[in-house]
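What follows is a single structure, written as structure tokens, with notes after it.
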Amino acid sequence: MNALYPIIPLAPLVGALLAGLFGQVIGRTGAHVVTIAGVLVALVCSVMVFQDVQAGHTFNGTAYTWLIAGDIKMEVGFLIDTLTATMLLVVTSVSLMVHIYTIGYMADDPGYQRFFAYISLFTFAMLMLVMSNNFLQLFFGWEAVGLVSYLLIGFWYTRPTAIFANLKAFLVNRVGDFGFILGIGLVLAHFGSLDYATVFQAAPARAAETISLMGDTQWSLLTVICILLFVGAMGKSAQFPLHVWLPDSMEGPTPISALIHAATMVTAGIFMVARMSPLFELSETALSFVLVIGAITALFMGFLGIVQNDIKRVVAYSTLSQLGYMTVALGASAYSVAIFHLATHAFFKALLFLAAGSVIIGMHHDQDIRNMGGLRKYMPITWLTSLAGSLALIGTPFLSGFYSKDSIIEAVGASHIAGSGFAHFAVMAGVFITAFYSFRMYFLVFHGKERFGAHAEKAHGHDDHAAHGHDAHGDHHGGGTPHESPWVVTLPLVLLAIPSLFLGYFAIEPMLFGDYFKGVIHVAEHHGAMADLREHFHGAGAMAVHALTTLPFWLAFAGVAVSWFFYLKRPDIPAAIAKTFRPIHTLLLNKYYFDDFNNVFFAGGARLIGKGLWRIGDAAIIDGFFVNGAARLIGWFSGIVRKLQSGYVYHYAFVMILGVFALLTWFVRT
Amino acid sequence: MSAMPLLTLAIWVPILAGALVLATGSDRNASLARTIALLGAIAGFVVTLPLAISFDTAIAGMQFIETTPWIPRYHVNYSLGIDGISLLLIVLNSFTTILVVLAGWKVIESRVAQYFAAFLVMSGLMNGVFAATDALLFYVFFEATLIPMFIVIGVWGGPNRVYAAVKFFLYTLLGSLLMLVALLYLYRASGGSFSLADWRALPLGMTPQVLVFLAFLVAFAVKVPMWPVHTWLPDAHVEAPTGGSVVLAAIALKLGGYGFIRFSLPIAPDASHALSGFMIALSLIAVVYIGLVALVQTDMKKLIAYSSISHMGFVTLGLFLFERLGVEGAVIQMISHGFISGAMFLCVGVMYDRMHSRQIADYGGVVNTMPIFASFLMLFAMANAGLPGTSGFVGEFMVIMAATKVNFWFAFTAATTLIFGAAYTLWMYKRVIFGAVANPHVAELKDLEPREWIFLSVLAVAVLWMGIHPAPFNAVLEAPVADLLQHLSKSKLP
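Chains A and B are the protein sequences, given in the same order. Residues in the first sequence are numbered from 1 upward in steps of one, following this note's numbering. Residues in the second sequence are numbered from 1001 upward in steps of one, following this note's numbering.
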């Protein structure tokens, strides 16, 4: 085993432990130095491993044995191939940017060391997840990133909304994990191993195997396994209907929204399905399921982005929608495209989130885009990098997002699996919507009238974590002019803008059409979407030029144009539309009422049943009737018996006479 | 094999230390009593270490065997011996005793000597239960553990302690009376032997097996406790002092699971198979029903008590799946639950000592004044919710894996604990620890003192160690579990 492999996850872990356990000793500077050093080491090692893998040195082996039970071995090990290497680069580079950015963003927070400890711990867990060579370690990483996500969403633990959001996130993820662990259970039960390679190798021979779950109906074993595993991905990658936690997770500090809830953790589900491609390829039903769930998420979450006014929530719904795109790609058997979009999205979405954070700092912690406007004058770097990120997101030809997103649309179009018609429509319509809400936000924030002066008072309302140290920014309150953020904040923006613009152009050919994922991602021959794409691909430049004549480009263009018209030219129109279509507007504002339904039906229902079982089952029936009832029965019986022992001789004499009389009668009769 | 009677030492060192503590008499000598109690508890733990060190994991049968005639006329022997399952429980028990002594160090101010003596004696008796290989000896220890626990709850308990103590006593006593009948029956059937090894080999017809199984079931189900004979536990926990709750949860509940492994399964294997559906149903009801009940508790101790019952459902579920992963997972779950529930009750004790309330509603924002404590409780809460990397995950994971192999729906029902366990634990954590400072009492809280810091960090290490590297724990179980399953696969019908 290459010594670099264990260093990659362990370096951030060491940083996390130092900052977490000895935060008071090493101080604020010490905390960011050790954690950034840890992530930097991980990044350098990842680059070296990436080159090593490019040179053909892959690895699959055990690091240590966790548990042995009979002939079942549960181990921790590494699988290093191009898929892992890609993820390593994405995770460590975005993590490093976020670490640097945090120095500026959290500068005045009293939980500074704790924050660095958490994000480094997260990096460790995420790296363990992507480097795993078996299902057990995957689950370990899966839950560990969930834990850190929980801790970070609730980082400002005095805010009621934050501690509601983190509990919600954890529980919704647990619903996904519930399916995930059952999927892992079925894998172990039917393959006798948790090792990827062993399972993948044995899978094709068992494609036709069925199990009976309900009555005599036979279910394809692999379909059941794949759908259960995908339920886990639905939780982690926030797919409909388990998407509800992601928008609320915006209660966490912005750096983690970028790192965890946009670039890395939420893509764990996408990564997992791509990793499991040898299994998913064996089940058309599971792929259709994945495709349809992804399409619903891509389209319907995009709609919600249109009505949001919180800058972070707009980006959050955009993330949901883009995760839907990736899932659609998985369902269309275009795994490499999904990973490609995962990578480009990680950069431009991290950029958009960090830029949003920069705007939030500039606006003195007002997050409402209706109070912004014209910020390009005050925050030029944030403005330009945001523009780059938004253009990449909507799929402007030649930029990163274009190559990955257009490939997804093409792949879905070429797919013949059940549900691909709907999915193709969804991703197509999604292009317009993405462009519309992205530029709605962009125009409202950076262009148009400066609206922040009038709302200086209102800003206080959004600043309820000011008690946690954002007071320093509070000095500027009332004065109201936004300001550009310090260099530790803008540098990561610039560094992230580079891959957001150019990664796609250079990576598309090797990643999608070369041998990059050969032997890593498995696509069955009859799933011809990728082959179709390859046939029509004549170089990255030609693809971009050709796109100018295709529908997605014009849909995106239309989205930008309409939002320009609505929000810069005629700002009265959106309000009028909202008024005319009030029911739809209300539906969108209430996020299709998913939260309300879950609150009433699941949370309320569980509490109601729990109360019923407790009050009626435990207290009334078991304790009241049986336990105390038995005690009362004995008491009642002894009360009667006690009455007999009256102590009066004539009572006893009377009973004696009765007895003698009875005996005599009996003797006489026989 | 050591020449020293190590098991006898493991039983009698704490009991004698208890007697010595008792001899210090009144509360004037309280500090002496505490010191002796601590030294006695440490000595009791130290004498169990050679057991762990020189334990041979390759042997499936009993090790460190000691046999002396006790009542020769009835062939009753003072015979001791342990396998890997007993070993883990004995070490856990002796380890927990030290923590309990530390937990009661400052808090118990009246009848100090008697309090510590009760725990030391109980610790020795528990070791006796886990080491006895003679059924009558087992029964004597099994019943004798009731007495100190009864006294601990009844004397140092809360306002409703008498109801709780009597309920606890009667519930468990009634259960074990039926077991006595079964023991006497088996004594006759085996031609006058109380040796567990003889009973294990004894052929029995189906009817006697079922009757014996049911008699044992009543005794052990109450101890575990299984639904629906669980209602004594929340009351007992709520009224017991912190130390009592810790021993009750960490050790006393294990007597039930241990009893199934040592008696029900090997003596009545055919009945065990025949009734496994029934046992699994009860276990799954415990997981779901109790999980939901735990969700709505307003008293922290009651919540953790219900959570204990739900977690013990995994023990009985694992045992009656007759799968290697299931049985080993059940034992791992027992040990892990010892650490986690002990830690959870100690944490509630830490807060109770400061606020004199166990009501969730009286708290809120504790993290602001007790950040170190909040971090510890976070770890234990996550362990309680079964997070990988903590001990709480290992047993549950193994049992769920085994259940999937047997029947998908068993696993499906059991796995709901992923959701319920997280829901009740983290919801409590949110209401107690997170948020703004809820009231002036919370504002005055002081963070952990060194004594509390010690016992919580020791448990934290245990929970993480078992979660990150459970292999050594499971290694001692491999041989006895394989042997048990092999025994179970053969019919004993004549």
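Ideal placement from N, C-alpha and C gives every residue a C-beta, glycine not left out.
Residue i and residue j look like a contact to me (Cβ under 8 Å); what is the Cβ gap, rounded to whole Å?
i	j	result
Thr1242 of chain B	Tyr1352 of chain B	7 Å
Leu129 of chain A	Ser93 of chain A	Actually they are not in contact, since the Cβ atoms of Leu129 of chain A and Ser93 of chain A sit about 17 Å apart, beyond 8 Å.
Gly1389 of chain B	Ile1468 of chain B	6 Å
His1075 of chain B	Gly1154 of chain B	Wrong, their Cβ atoms sit about 36 Å apart, outside the cutoff.
Ala16 of chain A	Phe124 of chain A	6 Å
Tyr105 of chain A	Val148 of chain A	About 18 Å; that fails the 8 Å criterion.
Phe280 of chain A	Val231 of chain A	No, Phe280 of chain A and Val231 of chain A are not in contact; Cβ-Cβ is about 13 Å, not under 8 Å.
Ala1383 of chain B	Val1463 of chain B	5 Å
Ala338 of chain A	Met326 of chain A	5 Å
Report all residues from its chain with a CB closer than 6 Å to the CB of residue i; omit the five preceding and five following residues, and keep chain order.
i	result
Leu1204 of chain B	Lys1492
Lys1223 of chain B	Leu1255, Gly1256
Trp383 of chain A	Arg376, Phe446
Thr267 of chain A	Leu342
Gly1018 of chain B	Ala1117, Leu1120, Val1121
Ile1065 of chain B	Gly1081
Met272 of chain A	Ala233
What in chain A is Cβ-close to residue i, meaning under 8 Å?
i	result
Asn1474 of chain B	Leu67, Ile68, Ala69
Phe1434 of chain B	Gly154, Tyr157, Thr158, Ile163
Phe1320 of chain B	Ordered by position in chain A, no residue passes the 8 Å Cβ test against Phe1320 of chain B, which lies about 17 Å from the chain.
Ala1471 of chain B	Thr65, Trp66, Leu67, Ile68
So, for residue i: in the same chain, excluding its five sequence neighbours on each side, which residues have a beta-carbon less than 7 Å away from its beta-carbon?
i	result
Asn1474 of chain B	Glu1328, Ile1332
Val53 of chain A	Ile80, Asp81, Thr82, Ala85
Can residue i and residue j be called in contact, C-beta distance under 8 Å?
i	j	result
Leu1092 of chain B	Gly1338 of chain B	yes
Leu1051 of chain B	Ile1108 of chain B	no
Gly235 of chain A	Asn173 of chain A	yes
Phe1345 of chain B	Ser1457 of chain B	no
Tyr196 of chain A	Ile80 of chain A	no
Ala355 of chain A	Gly389 of chain A	yes
Thr1298 of chain B	Ala1361 of chain B	yes
Leu83 of chain A	Val431 of chain A	no
Ile256 of chain A	Leu152 of chain A	yes
Leu352 of chain A	Leu393 of chain A	yes
Pro247 of chain A	Arg313 of chain A	yes
Glu525 of chain A	Tyr378 of chain A	no
Gly1044 of chain B	Val1013 of chain B	yes
Among the options, which one has its Cα closest to the Cα of residue i?
i	options	result
Ala426 of chain A	A:Ala268, A:Ala298, A:Ile100	A:Ala298
Ala529 of chain A	A:Val328, A:Thr58, A:Leu194	A:Val328
Asn2 of chain A	A:Arg28, A:Val14, A:Gln51	A:Gln51
Asp1447 of chain B	B:Ala1411, B:Asn1077, B:Cys1347, B:Ser1195	B:Cys1347
Ala1575 of chain B	B:Gly1044, B:Trp1105, B:Met1004, B:Phe1055	Since the first residue shown for chain B is 1001 and the last is 1494, residue 1575 of chain B is missing from the structure and cannot be characterised.
His99 of chain A	A:Val14, A:Gly77, A:Ala31	A:Ala31
Thr1316 of chain B	B:Leu1295, B:Phe1376, B:Gly1395, B:Val1293	B:Gly1395
Residues of chain B with a CB under 7 Å from the CB of residue i: which are they?
i	result
Thr35 of chain A	Per Cβ cutoff of 7 Å: no residues; Thr35 of chain A is ~18 Å from chain B at best.
Excluding the 5 residues flanking residue i on each side, which residues of the same chain have their C-beta closer than 8 Å to its C-beta?
i	result
Val292 of chain A	Gly331, Gly419, Phe422, Ala423
Leu1009 of chain B	Val1047
Ala1479 of chain B	Thr1057, Ala1058, Ile1059, Ala1060, Asp1083, Gly1084
Thr665 of chain A	none
Thr1416 of chain B	Val1287, Val1288, Gly1291
Ile671 of chain A	Residue 671 of chain A cannot be examined here, being either before or after the span of chain A that is shown, 1 to 670.
Gly461 of chain A	Bear in mind that a pLDDT of 40 at Gly461 of chain A, under 50, signals an unreliable position, so the number given afterwards is only what the model happens to contain. For Gly461 of chain A, where only same-chain residues beyond five positions count, there are no Cβ hits under 8 Å.
Leu444 of chain A	Ile369, Arg370, Met372, Gly373, Tyr567
Strictly below 9 Å CB to CB, what residues from chain B border residue i?
i	result
Arg671 of chain A	This structure does not reach residue 671 of chain A, given that chain A is present from 1 up to 670, and the question cannot be answered.
Could you check whether the Cβ of residue i sits closer than 7 Å to any heavy atom belonging to the ligand GDP?
i	result
Leu1445 of chain B	This structure lacks the ligand GDP; in fact it carries no ligand of any kind.
Can you pull the chain A neighbours of residue i, defined as C-beta to C-beta under 9 Å?
i	result
Val1367 of chain B	Tyr157, Thr158
Trp1465 of chain B	In chain order: nothing, as chain A lies at least about 12 Å away.
Ala1533 of chain B	In the structure as shown, chain B starts at 1001 and stops at 1494, and residue 1533 of chain B therefore has no counterpart that could be examined.
Given that residue i touches chain B, what residues does it touch there, using C-beta distances under 8 Å?
i	result
Lys611 of chain A	Val1296
Asp177 of chain A	Leu1418
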